[in-house]
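In what follows, a structure is listed as structure tokens, so that the remarks can point back to it.
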Amino acid sequence: MNQKCMLCPHKCSIDRRINVGRCKAGEKVEIGGVSLHKFEEPCISGNYGSGTVFFSKCNLNCVFCQNYEISNLGNGKKIEVEELAKIFLKEQENNAENINLVSPTIYADKIIEAIKIAKEKGLNLPIIYNTNRI
Ligand code: SF4
Numbered sequence: 074m075n076q077k078c079m080l081c082p083h084k085c086s087i088d089r090r091i092n093v094g095r096c097k098a099g100e101k102v103e104i105g106g107v108s109l110h111k112f113e114e115p116c117i118s119g120n121y122g123s124g125t126v127f128f129s130k131c132n133l134n135c136v137f138c139q140n141y142e143i144s145n146l147g148n149g150k151k152i153e154v155e156e157l158a159k160i161f162l163k164e165q166e167n168n169a170e171n172i173n174l175v176s177p178t179i180y181a182d183k184i185i186e187a188i189k190i191a192k193e194k195g196l197n198l199p200i201i202y203n204t205n206r207i
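Right, here's the structure in full:
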């Protein structure tokens, strides 16, 4: 990661290996949940469900967030990029219609790495960047 985080328009310019910015995310990717989600919009869920990955913490911190425990309280676990790639491949194996990245921006750099790894191993699903405005 760039040592001065500028991944979103808050441009905190902090080194996430030793500090946290507005989103409170650290250096590693944190995920709050993975599921084959059949309750997204029908065009996204399709027949078998959308392969959602919910990322922990967020750069908006809305008090009304429907995923408050994940986005604001930061519930979740830290994982390596390789593990994230495996999750994408597992979703494909489970017939997900797509990979649905929920609030991914604060980990965008790591997600790109994970997608590259997964694509080398056969990932061919569409990727949904399911995010807030920033
Ligand atoms: S991703 Fe987080 S640390 Fe980086 S600029 Fe945005 S709010 Fe700040």
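So in our numbering, spot 90 of the sequence shown is number 163, and the numbers just go up one at a time.
All residues carry an ideal CB built from backbone N, CA and C; glycine is no exception.
In this text the structure is predicted, and so the values were computed from the model without any measurement.
The Cβ neighbour count for Val136, taken over all protein chains shown within 10 Å, is under 16; the residue is labelled exposed. If you ignore the 5 residues before and after Thr125, its C-beta comes within less than 6 Å of the C-beta of Ser108, His110, Asn173, Val175, all in its own chain and listed in chain order. Restricting attention to Asp88, Tyr141, Glu142, the CA atom closest to the CA of Lys101 is found in Asp88.
Nearest Cα to Phe112 within the set Glu103, Gly149, Glu170: Glu170.
Residue nearest to Lys151 within the set Asn132, Ile184, Thr178, Gly99 is Gly99 (criterion: CA-CA distance).
Taking a cut-off of 8 Å for Cβ pairs, the stretch 139 to 149 and the stretch 192 to 199 do not touch, as fewer than three such pairs fall below it. At a Cβ-Cβ threshold of 9 Å, Ala187 and Leu157 count as neighbours.
Distance from the CA of Gln76 to the CA of Lys84, rounded to the nearest whole angstrom, comes to 12 Å. Residue nearest to Leu198 within the set Tyr121, Met79, Glu103, Cys96 is Tyr121 (criterion: CA-CA distance). Rounded to whole angstroms, the gap between the alpha carbons of Glu155 and Gln165 is 16 Å. If you check the C-beta of Cys78 against ligand 1, you find a heavy atom less than 8 Å away. In the three-state DSSP reduction, Val93 falls in the coil class, being neither helix nor strand.
Per DSSP, reduced to three states, the secondary structure at Val102 is strand. At least one heavy atom of ligand 1 sits closer than 8 Å to the Cβ of Asn132.
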